[in-house]
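First to last, the protein sequences are chains A and B.
Sequential numbering from 1 applies to the first sequence in the numbering used here.
Sequential numbering from 1001 applies to the second sequence in the numbering used here.
Each remark here refers to the structure printed beneath this line.
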Amino acid sequence: MSDDTLEFVESELADLSIGSSEDPLNFIDEIVAWLHRWATAYDVQISLDKPAYCCFVGCDRVTQVADSLTGFSLRRHFRDDTPQDLLGRVYIASPTLQSVFSREVVASSIEDLEAELERLGLTSHAVVIFNAASKLAFWRTDAKRDFTTIQVGEALDDKLRSEDFDKELRTFYVTYLATPQGFARPWKNAAKLKPKDELELEVRNCLLMFLRLQYKKSLFVVPESHESTGRADLKVFFISERVVYFLELKVFRASDSESSTLDWGMKGVAQAHSYRLANNQCRVAYACCYDARGRDEEMTQLVDYANTMDVLYRRYFMYQSSEDFHRSFMP
Amino acid sequence: MKNSFDNPPALQPSEREINTATARARVWVLLAIDACDRAGLLPINKTRLHRLIFLSNCLAELYQTIPPAKRVLKYKRGPFYPDVQWQLDRLNAMGLVNVSNLLVAKDEHGPWMEADYSISETGIQTTNIIRETPLGKSTGNYVDELVFAFGRLNERRLDDLALSELNYAAPGVALGALITFEDASSNLALTRTRDFERAAPEVLRNRIREKLQLYLRYIEKENAA
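Rendered as C-alpha cells:
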C-alpha cells in the first residue's frame, strides 16, 4: 500500500454516503452540504421584498414525478452548480441530485411551503426547507417526523481532535436538546414531560448530521455500525489521529420507573463497553443519556457502574423551558 | 463456464431463446436501468450504459455476486458488450425498456448506433417482482449501491470514468486485448479495495459499500488527473 493510497483514503472517508442507497439520510446529507456551499458562496442579506425560502424534496424516479406535476422544469448540472436564482422555488430531486426539477413558489414561511407540498402530494418524501435569511435548513426524512434544524453557511472547523470531542457533545446538547426550542425539537409536550417518540433515533440522526457538516474533512461518522457484539448507535473515527470512539445514546423518560431508568442507563453503558471490547483500536466508549425525567438528579449507582466499566457516561438534562435552562446557571 | 456477455447468442432453430446465463444477464441489465432511474440517471445513453455494466463486472466479487460477464475486449470505443446490446434490444421488444434518440452514423471509428434508454412502467413493475427473488435481491442490492455511488460522482466524469478503471487502463493492455475477471486475485479493482482496507482497517473492515464508493472515487480522481 502506497502513501498515495493512504492519503486518498484519508481525504475521502469523511465524504462517503451515510447509509445504503435507499437511505433518505443520504439525500438530506447531500442537500445540507450543497446548501452549505451555496450559503458560503452567497453571503448576502436578503431584503424583505425578496424570497428567502426554498424547498427540496427527495424523489425516487424523479422524472416520472416531475411529469405528473405541472410547471416543473429540469435544472441541468444542478449537483455541481451554485445557482444565484435558488430561492422562491420548490425543487424535486433524485437522491443523488443528478436530476433536479424546479418551479417557482410564493412562500414566506415553513408553513407556506408545507401547504405547497401538501398540494403537490409530496409530503411523504424526505424534505429540506431552507431559509436563506437565517441560513437555517429544516429537514425531515419522512412525514412521520417533525422538522429538525441545522445551521449552514458558517465557517466550519477543519479539524476536531478526539480530546475536544466531549466539548462538542456538550455544544450539540445545548444547541439541539437543552430546551424545547432546541434544533431537535425534543418534546412532544414539555409541560407534561412527554418527549418525542423515537427520540433516540432523532438524537442519533441530528448528532450524525451535526458532526458530518461541522467536521466534513476530519471525522468519519457511521450510524448503526455493525460490530461483532451488536450495533453501535454511532461510530466516530478521527481520521488523522486514527482513533475510534463508540457512542450509545439513550433517553431517560419520566414515564419509566426509577429502576427501569437505571437499568436502561446501565444497558447503555454495557453496550458501549461491548463495542469497545470488540474493537482493539477503540479507546473510548460513551454512553450519552438525555434526561427527560423532569428532575435534574444524578443516579450514583449508574455513575459508579460506568466508572467501573471505564465508559464515559454523560447525562444531559433536557429542560422543560428556556427559563429553567437559564435559571440552572443561577446560584 | 460460458459467460453470456462474451458473444451475442446465435440461436439455432431448435435452441430456446433464454437459458440461465442469458436470464441472469438480462436481469442484471434491467436492474441496472431500474437503478439508474431511481438515481436520476435516465435516460442513459448506450455508451454510458455499457461502461456502467463494465464497472459493475469489475467490482461484483466485492459483493460476492456472480457477474454475468467476466471477459471483455478492450475496444476502440471503450468497454462494449455485444450481448448487453442484444439484451437491451430484447428488453425493448418486450416493452420493459424504452429507446429514444436513436442515431445511426459513421464517425472516425466507423459505423455506430447511439441511443438513449429508459425504463417503462411495465419494466418498473417487472423489476419490483424480480427484486423479490433471491437472484433479484442479491444482484439488486449490489447494482443499486454501484449505480448510486456512480451517481454521486461529478457529472462531467461519468461518461469516461470506465476508461480510467484500473483493469481497463492498466499499462500493457492494448486495444483488442482481452480483460478478464475470472481470477479475483488478478483483478486490480479488488486489489485496490484491499489496499483501502489496509489504509483504514478501523473503519473499512467488512464495509463493502464504502470500499465500492472509494474505488469509484479513486478512478474518478485518476480520470481527472
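Think of the CB as a built atom: it goes at the ideal place given N, C-alpha and C, for glycine as much as any other residue.
Since the model is a prediction, treat every value here as computed from it, not as a measurement.
Taking C-beta atoms under 8 angstroms as the contact rule, residue 1041 of chain B and residue 98 of chain A qualify, at a distance of about 6 angstroms. For residue 1177 of chain B and residue 1169 of chain B, the gap between their C-alpha atoms comes out near 11 angstroms.
For residue 1185 of chain B, the three-state secondary structure derived from DSSP is helix. Taking CB atoms only, residue 244 of chain A has a neighbour in chain B less than 8 angstroms away. Residue-level contact by beta carbon fails for residue 1024 of chain B and chain A, as no gap is shorter than 8 angstroms. Taking the CA atoms as reference points, residue 1199 of chain B sits about 25 angstroms from residue 209 of chain A. When secondary structure is reduced to three states using DSSP, residue 1113 of chain B falls in the strand class.
Residue 237 of chain A belongs to the set of residues whose beta carbon lies under 8 angstroms from a beta carbon in chain B. In this structure residue 1074 of chain B is in contact with residue 1174 of chain B, their Cβ atoms being roughly 7 angstroms apart against a cut-off of 8 angstroms. At a cut-off of 8 angstroms between beta-carbon atoms, residue 1187 of chain B makes no contact with chain A.
The Cβ atoms of residue 1145 of chain B and residue 1209 of chain B sit closer than 8 angstroms to each other.
At a cut-off of 8 angstroms between beta carbons, residue 1037 of chain B contacts chain A. Short of 6 angstroms from the beta carbon of residue 1080 of chain B, and not among the five residues preceding or following it, lie these beta carbons of its own chain, in chain order: 1050.
For residue 226 of chain A, the uninterrupted beta strand (DSSP E) run begins and ends at 219-227, by DSSP. Annotation: Cβ neighbours of residue 1218 of chain B in chain A (cutoff 7 angstroms, chain order): 8. Counting C-beta atoms within 10 angstroms of its own C-beta, residue 273 of chain A has 16 or more neighbours from the protein chains shown and is therefore classed as buried. Under the Cβ criterion (8 angstroms, minimum of three pairs), the stretch 1178-1192 of chain B counts as touching the stretch 1054-1071 of chain B.
Contact annotation: residue 124 of chain A and residue 107 of chain A have beta-carbon atoms that are not nearer than 8 angstroms. Just so you know, the alpha carbons of residue 90 of chain A and residue 73 of chain A end up roughly 11 angstroms apart. Cβ atoms of residue 250 of chain A and residue 268 of chain A come within 8 angstroms of each other, at about 4 angstroms.
Between residue 39 of chain A and residue 62 of chain A, the C-beta spacing is not below 8 angstroms.
Nearest CB-CB separation between residue 1049 of chain B and chain A: not below the 8 angstroms threshold.
In the three-state reduction of the DSSP assignment, residue 73 of chain A falls in the strand class. Residue 131 of chain A is classed as buried because its beta carbon has at least 16 other beta carbons within 10 Å across all chains shown. In the three-state reduction of the DSSP assignment, residue 245 of chain A falls in the strand class, which pools E and B.
When Cβ pairs closer than 8 angstroms are counted between the two stretches, the stretch 1216-1223 of chain B is seen to touch the stretch 1156-1164 of chain B, the count reaching three or more. Our two residues, residue 110 of chain A and residue 168 of chain A, have alpha carbons roughly 29 angstroms apart in a direct line. The Cβ neighbour count for residue 29 of chain A, taken over all protein chains shown within 10 Å, is at least 16; the residue is labelled buried.
Around residue 54 of chain A, the same chain offers 86, 87, 89 and 130 as residues with beta carbons nearer than 6 angstroms, after the five sequence neighbours per side are excluded. For the stretch 51-64 of chain A, the set of positions with a beta-carbon nearer than 7 angstroms to some beta-carbon of chain B reads 60, 61, 62 and 63 in chain order.
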